[in-house]
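Below is one structure; the comments refer to it alone.
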């Protein structure tokens, strides 16, 4: 029996040429395993920081759409001092205490059949709609509601746009609209982030005197009047249509209309 045969597999591996197929594969596998372990450990370690940053960004956007954000402000303190988050049951337009507002996740609720419904009428192209949404009440010094901040989302051209709409205490006048997450085309659909376009929303009305939803994003004003009209984005027809659809969906009967009716009646 040859000397090579008498050697164990490990010994033969060690004595093999560095360019051998076995050693090359071994090194590649070990490097991949080590790299994946490092990446996984980093992802786990950074998750709390990532979640904290996501929450801070969300709070900044809520402060901005309400006109309260100032650069350099302590976001957590400013948000906590200004807003009262509540869980809203969309169908009744009433608040519910069935969930912990500190941990309730609107997106997770929309994916859970127990807390959401599959939509037949779905102009916003969201698939499922949560039965409950976290809304944010901005109160004045007397403790009365000054504005309500309502989350909304819907499909544009390339992506789902997530944002907030601020509505005055009368339940009808828009104070502002802001999107915080989307992947629309830079220079076109992404102009939803343009301050000049966002400023067009302030002072517009949702419904007419008869209570009919009239707010529209289009190239021309609707018959109801300019007070219900926001100019469509130039060169971004499909994104504009998506914004029109999602705003009208969420402000309609399948969205916040029952809540806004209660707000108008002073029954909140």
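Residue numbers (the numbering used here): 1474 to 1741.
Backbone N, C-alpha and C define an ideal beta-carbon position, used for all residues, glycine too.
These figures come from a predicted structure and were not determined experimentally.
For residue 1710, no beta strand (DSSP E) run applies; the uninterrupted alpha helix (DSSP H) run containing it begins and ends at 1710-1724, by DSSP. The Cβ atoms of residue 1612 and residue 1557 lie closer than 8 angstroms to each other. Residue burial is scored here from C-beta neighbours: residue 1509 has fewer than 16 other C-beta atoms within 10 angstroms and is therefore classed as exposed. For residue 1639, the closest of 1629, 1618, 1657, 1654 by C-alpha to C-alpha distance is 1618. Exclusion of the five residues before and after residue 1645 leaves 1678, 1679, 1680, 1733, 1737 as the residues of its chain whose Cβ lies within less than 8 angstroms of its Cβ. According to the DSSP assignment, residue 1552 belongs to the alpha helix (DSSP H) that extends over 1548-1555.
Around the Cβ of residue 1740, a 10 Å sphere holds fewer than 16 other Cβ atoms; the residue is exposed.
With fewer than 16 neighbouring CB atoms inside 10 Å of its own CB, residue 1495 falls in the exposed class. By the Cβ neighbour-count rule, residue 1637 is buried, with 16 or more other Cβ atoms within 10 Å of its own. Boundaries of the beta strand (DSSP E) harbouring residue 1691: 1689-1691, taken from the DSSP string. Listed as beta-bridge partners of residue 1605 by DSSP are 1562. Nearest C-alpha to residue 1629 among 1569, 1657, 1606, 1553: 1657.
Ranked by Cα distance from residue 1596, the first of 1627, 1584, 1568 is 1627.
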